[in-house]
Amino acid sequence: MVKEMTSLDLNQQPLSIEYPTLDVDFELKSGLIHLLPTFRGLAGEDPHKHLKEFHVVCSGMRLQGVTEEQVKLRAFPFSLGDKTKDWLYSLPSGSIISWNELKKQFLENYFPASRTTTIRKKISGIRQFFGKNFHKYWGRFKHLVERCPHLQIPDHLLIQYFYEGLSETNRSLVDAASGGALYEKTPTEARKLITIMAANSQQFDSTNDNPQMLALHFMRNAPCTPMT
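Everything in the sequence shown is counted per the UniProt record's numbering, starting at 1 for the first residue and increasing by one.
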């Protein structure tokens, strides 16, 4: 029998979740609950990031006879605060029977399709701001992509959007570092090259970069891979 500390008042559990019957006695530890991230549904909060942080905490809890999904299903209500907890309690009774269903409902409510469309437009239309260095532009691009893991944009299109948004000077630098044209590389090769160039740009950081000096720096520190 598995017995954990801190019993929970079952009357306070959301009726929307129908918990599967376990063959062992299981109660969440207060220590686990205190480690959980909190999502309040505020403007600017990232539900995908919340799920990642929630996963990190729950994946560290291993109990015989209790799956990670069962832990998540029971722990998730404790990671919600303010109006997000009200949202969970407002769902129809017994409408959630699995962790995947709970996660789906959560994302549909706090990351609707309209938000995905907005981020997709930002990615496809991204531009390097005047005076912004290569690595800052790359960081902004990666942040947009990471905010929406289910974008389903092919890698070659992501590279194309990033490349087309570069300043004319930096597009020339990328092509020179790639040994001809970035489009001739595979998405994996292109991403590796861009990552190296971003690291070099950060090391060489200055908002008033001299294009000639940057070109020399990149060519010395970002050796290209053979064309395929």
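Where is the CB? At the ideal position from N, CA and C, for every residue including glycine.
| query | Would you report the Cα separation of L144 and V24, rounded to the nearest angstrom? | reply | Cα to Cα, L144 sits roughly 43 Å from V24.
| query | Exposed or buried, what is G180 when buried is set at 16 or more other beta-carbons lying within 10 Å of its beta-carbon? | reply | exposed
| query | How many Å lie between E164 and S93 at the Cα? | reply | 49 Å
| query | Which value, in whole angstroms, describes the spacing of the CA atoms of S16 and L73? | reply | 11 Å
| query | Counting Cβ pairs closer than 8 Å, one from the segment 132-139 and one from the segment 46-57, do we hit at least three? | reply | no
| field | Residues of its chain near P149, where Cβ-Cβ distance is below 7 Å and the 5 sequence neighbours each way are ignored | value | Only H48 meet the Cβ criterion.
| field | Own chain residues within Cβ distance below 8 Å of K122, not counting five before or after | value | L144
| message | I need the boundaries of the alpha helix (DSSP H) containing C58, first residue and last residue. | response | 47-59
| Considering V174, what are the terminal residues of the alpha helix (DSSP H) in which it resides? | 168-177
| message | In whole angstroms, give me the CA-to-CA distance for E18 and T38. | response | 22 Å
| query | Which residues bound the alpha helix (DSSP H) around S114? | reply | 113-124
| task | Report buried or exposed for P112, applying the criterion of at least 16 other Cβ atoms within 10 angstroms of its Cβ. | result | exposed
| task | Throw me the rounded Cβ distance for the L193 and S178 pair, which I believe falls under 8 Å. | result | 6 Å
| field | Strand pairing of I17, partner residues [DSSP] | value | Bridge partners of I17 according to DSSP: I96.
| said: Please classify N170 as buried or exposed, where buried requires at least 16 other C-beta atoms within 10 Å of its C-beta. | reply: buried
| message | If distances are taken between C-alpha atoms only, which option among K136, Q160, T84, Y161 comes closest to S201? | response | Considering only alpha carbons, the answer is K136.
| task | Figure out for me which residue from I153, I97, S59 has the closest Cα to the Cα of I119. | result | I153
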